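What follows is a short report on a single structure.
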Amino acid sequence: MVALADSVLDLLREVKDPELPMVDVVELGIVRDVRVTDDGVRVDITPTYTACPAISMIKDDIVDMLTTHGFPNVTVRTVYSPAWTTDWMGEEAKEKLRAAGIAPPGRVDEQPLVMLHRAPRVVACPYCGSSDSEERSEFGSTACKSIHYCNNCHQPF
Amino acid sequence: MESSISSGADSGADSGTDPGTNSGATSDGSQLDIAALPTADRAALFEFLQRIGDDRLVLGHRLSEWCGHAPILEEDIALGNIALDLLGQATRALELAGEAENAGRSADALAYFREAIDFRNLQLVELPPGDFGYTITRQFFFDAFSIHFMDALQNSTHAELAALAVKATKEERYHLRHSSEWMIKLGQGTEESHARVQRSVNELWRFVGEMFKVDEVDRRMAQLGIAPLASDFRARWDSVVSDVLARAELDHPQDEFFARGGRVGHHTEYLGHMLAEMQIVARSHPGVEW
Numbered sequence: 309m310v311a312l313a314d315s316v317l318d319l320l321r322e323v324k325d326p327e328l329p330m331v332d333v334v335e336l337g338i339v340r341d342v343r344v345t346d347d348g349v350r351v352d353i354t355p356t357y358t359a360c361p362a363i364s365m366i367k368d369d370i371v372d373m374l375t376t377h378g379f380p381n382v383t384v385r386t387v388y389s390p391a392w393t394t395d396w397m398g399e400e401a402k403e404k405l406r407a408a409g410i411a412p413p414g415r416v417d418e419q420p421l422v423m424l425h426r427a428p429r430v431v432a433c434p435y436c437g438s439s440d441s442e443e444r445s446e447f448g449s450t451a452c453k454s455i456h457y458c459n460n461c462h463q464p465f
Numbered sequence: 084m085e086s087s088i089s090s091g092a093d094s095g096a097d098s099g100t101d102p103g104t105n106s107g108a109t110s111d112g113s114q115l116d117i118a119a120l121p122t123a124d125r126a127a128l129f130e131f132l133q134r135i136g137d138d139r140l141v142l143g144h145r146l147s148e149w150c151g152h153a154p155i156l157e158e159d160i161a162l163g164n165i166a167l168d169l170l171g172q173a174t175r176a177l178e179l180a181g182e183a184e185n186a187g188r189s190a191d192a193l194a195y196f197r198e199a200i201d202f203r204n205l206q207l208v209e210l211p212p213g214d215f216g217y218t219i220t221r222q223f224f225f226d227a228f229s230i231h232f233m234d235a236l237q238n239s240t241h242a243e244l245a246a247l248a249v250k251a252t253k254e255e256r257y258h259l260r261h262s263s264e265w266m267i268k269l270g271q272g273t274e275e276s277h278a279r280v281q282r283s284v285n286e287l288w289r290f291v292g293e294m295f296k297v298d299e300v301d302r303r304m305a306q307l308g309i310a311p312l313a314s315d316f317r318a319r320w321d322s323v324v325s326d327v328l329a330r331a332e333l334d335h336p337q338d339e340f341f342a343r344g345g346r347v348g349h350h351t352e353y354l355g356h357m358l359a360e361m362q363i364v365a366r367s368h369p370g371v372e373w
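Set out below in structure tokens:
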């Protein structure tokens, strides 16, 4: 059964995040649990944000992937706890994001609940590597991205 | 006959290592068995979860009205992002409300097929968006409330609600930072922006009291360990609001009359109009999918 769970996990590595197609759902850290029983396969995933619009698409993709590879009765549950953080992403995934022009996140430090004036993060430009960048907005094209600008190579990222 | 793999090991982080936040478990490990609650308590829980869901559903919809209209592109994206977070929180809260009610209603059924009188949101969140300063002021008052509410809710005896709160607390940090930064920018900005945001603060002040009004439902939730009493963190809300208003060089209004009634279905005329637009597609084409 452990071998089966391993092969499920291998198949899940083929399922890409629809919004970040360069990374798969396992290396993104959103697959929380895989259980294979006589009754079927259960996969637990956690959204990066509560309203992550990709989550239902990812669910469908997982069911399709496992069903077409002979696993019957696939259920995908959404679990909210423990909550996803960028720390759950593997180094390889971060490297793939960088190659795609998305600066991967650093470690998440403990922060006070109310922090009105957060010092801007120093983020290395994914194109030229310069640290001379500025944060333009904490809210990006998807809920899990923010917008930065490189003062060195003048690329937004 | 069961095997399990947690992918956390592969990515170099075990599940459960979640720096900076509560894992969602209650401090003493006790969790409530919702199914075993007496009928009256389940009804109270249903009411309460609708309040959480409706605040966020209605405010999220009001924010989404800015899509394509915000003053700058980054702000359009930011308001859309925040709206989306709120809709996500609302969806989960209304799913849990449906489970508490145990009458087979989904989150969509609650969102699209209840009338205004059945909505349990604060009047603050249903008011039309007004100008940008008005939207930001309303958002700031709500964010300063929601961050403390969600933070305390992480310790809920209702395990799924606690899990939602862990997630929502992370989101609220961004929201409050966004709205408070704008309060300061607008307050310290031009004469025009200062005057407009001051007017919004004054006009919206009478709607803030409802956030901290406690009734029988709230008291029962607190007794069951499901939720904090909002009155318990009023002082923390006050301190954030006073701090930001001072930095924004805005006058702090005096407490006078506070409107209330949203929690029991008494709403301003604006909610019905908003719902008409929000609900029309679902009602015209029941069960439609796209």
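Sequences listed follow chains D and C, in order.
Per the numbering used here: the first sequence = residues 309 to 465.
Per the numbering used here: the second sequence = residues 84 to 373.
The C-beta atom is built at its ideal place from N, Cα and C for all residues, glycine as well.
Being a predicted model, the structure only gives us computed values, none of them experimental.
Distance check for residue j and residue i, CA to CA, integer angstroms please.
| i | j | result |
| --- | --- | --- |
| Ala153 of chain C | Asp369 of chain D | 35 Å |
| Pro326 of chain D | Tyr357 of chain D | 15 Å |
| Ile219 of chain C | Phe316 of chain C | 22 Å |
| Ala108 of chain C | Arg282 of chain C | Confidence at Ala108 of chain C is low in this model, with a pLDDT of 39, below 50, so its placement is unreliable and the value that follows should be read with caution. Distance between the alpha carbons of Ala108 of chain C and Arg282 of chain C: 43 Å. |
| Trp149 of chain C | Asp159 of chain C | 7 Å |
| Ala118 of chain C | Pro311 of chain C | 21 Å |
| Val334 of chain D | Arg302 of chain C | 43 Å |
| Arg203 of chain C | Phe295 of chain C | 14 Å |
| His277 of chain C | Gly270 of chain C | 4 Å |
| Thr104 of chain C | Thr393 of chain D | With a pLDDT of only 38 at Thr104 of chain C, under the threshold of 50, the placement of this residue in the model should not be trusted; the figure read from the coordinates follows. The alpha-carbon atoms of Thr104 of chain C and Thr393 of chain D are separated by roughly 10 Å. |
| Ser239 of chain C | Val249 of chain C | 10 Å |
| Arg343 of chain C | Asp332 of chain D | 48 Å |
| Ser441 of chain D | Phe224 of chain C | 32 Å |
| Ser322 of chain C | Ala313 of chain C | 15 Å |
| Asn164 of chain C | Arg188 of chain C | 27 Å |
| His425 of chain D | Glu255 of chain C | 14 Å |
| Ala311 of chain D | Asp372 of chain D | 20 Å |
| His462 of chain D | Phe341 of chain C | 50 Å |
| Glu351 of chain C | Leu210 of chain C | Here the sequence assigns Thr to residue 351 of chain C, which means Glu is not the residue at that position. One C-alpha to the other measures close to 8 Å. |
| Glu360 of chain C | Ser367 of chain C | 11 Å |
| Ile161 of chain C | Arg145 of chain C | Per the sequence shown, the amino acid found at residue 161 of chain C is Ala instead of Ile. Going by the C-alpha atoms only, they are around 14 Å apart. |
| Ser325 of chain C | Leu333 of chain C | 9 Å |
| Val208 of chain C | Ser389 of chain D | 28 Å |
| Leu328 of chain C | Lys453 of chain D | 29 Å |
| Asp399 of chain D | Arg321 of chain D | Note on identity: in this sequence residue 399 of chain D is Glu, with Asp being the wrong assignment. Approximately 15 Å, taken between the alpha carbons. |
| Pro212 of chain C | Val344 of chain D | 50 Å |
| Val384 of chain D | Gly355 of chain C | 37 Å |
| Lys253 of chain C | Ile455 of chain D | 18 Å |
Using 8 Å for Cβ pairs, my map puts residue i next to residue j. What's the rounded Cβ distance?
| i | j | result |
| --- | --- | --- |
| Arg175 of chain C | Leu247 of chain C | 5 Å |
| Ala183 of chain C | Arg125 of chain C | 6 Å |
| Asp201 of chain C | Gly348 of chain C | 6 Å |
| Asp341 of chain D | Asn381 of chain D | Not really, about 16 Å apart at Cβ, beyond 8 Å. |
| Leu259 of chain C | Asp226 of chain C | 4 Å |
| Gln133 of chain C | Ala186 of chain C | The pair is not a contact, with the Cβ atoms about 13 Å apart (cut-off 8 Å). |
| Val349 of chain D | Leu374 of chain D | 6 Å |
Mapping DSSP to helix, strand and coil, what is residue i?
| i | result |
| --- | --- |
| Glu148 of chain C | coil |
| Val344 of chain D | strand |
| Lys324 of chain D | strand |
| Val280 of chain C | helix |
| Val430 of chain D | coil |
| Arg289 of chain C | helix |
| Gln206 of chain C | helix |
| Gln133 of chain C | helix |
| Phe295 of chain C | helix |
| Leu333 of chain C | coil |
| Met423 of chain D | coil |
| Glu275 of chain C | helix |
| Ala342 of chain C | coil |
| Ala313 of chain C | helix |
| Ile410 of chain D | coil |
| Trp392 of chain D | coil |
Per the DSSP calculation, residue i is bridged to which residue(s)?
| i | result |
| --- | --- |
| Glu335 of chain D | DSSP output for Glu335 of chain D lists no bridge partner at all. |
| Lys367 of chain D | None, per the DSSP bridge assignment. |
| Arg350 of chain D | D:Arg343 and D:Thr383 |
| Pro464 of chain D | D:Tyr457 |
Provide the residue span of the alpha helix (DSSP H) that contains residue i, from first to last.
| i | result |
| --- | --- |
| Tyr457 of chain D | No alpha helix (DSSP H) contains Tyr457 of chain D, which is instead part of the beta strand (DSSP E) from Ile455 to Cys458. |
| Ser367 of chain C | Glu352 to Ser367 |
| Ser441 of chain D | Per DSSP, Ser441 of chain D belongs to no alpha helix (DSSP H); it is in the beta strand (DSSP E), Ser441 to Ser445. |
| Ile219 of chain C | Phe215 to Leu236 |
| Tyr357 of chain D | From DSSP, Tyr357 of chain D is part of no alpha helix (DSSP H); its letter is neither H nor E. |
| Phe196 of chain C | Ala190 to Phe196 |
| Thr450 of chain D | From DSSP, Thr450 of chain D is part of no alpha helix (DSSP H); its letter is neither H nor E. |
| Trp265 of chain C | Ala242 to Gly270 |
| Glu399 of chain D | Glu399 to Ala407 |
| Gly181 of chain C | Leu156 to Glu184 |
Output the boundary residues of the beta strand (DSSP E) element that contains residue i.
| i | result |
| --- | --- |
| Arg300 of chain C | Checking the displayed sequence, the identity of residue 300 of chain C turns out to be Val instead of Arg. That residue, Val300 of chain C, is in no beta strand (DSSP E); its alpha helix (DSSP H) goes Glu299 to Gln306. |
| Thr383 of chain D | Val382 to Thr386 |
| Arg317 of chain C | Arg317 of chain C -> not in any beta strand (DSSP E); alpha helix (DSSP H) instead, spanning Arg317 to Arg330. |
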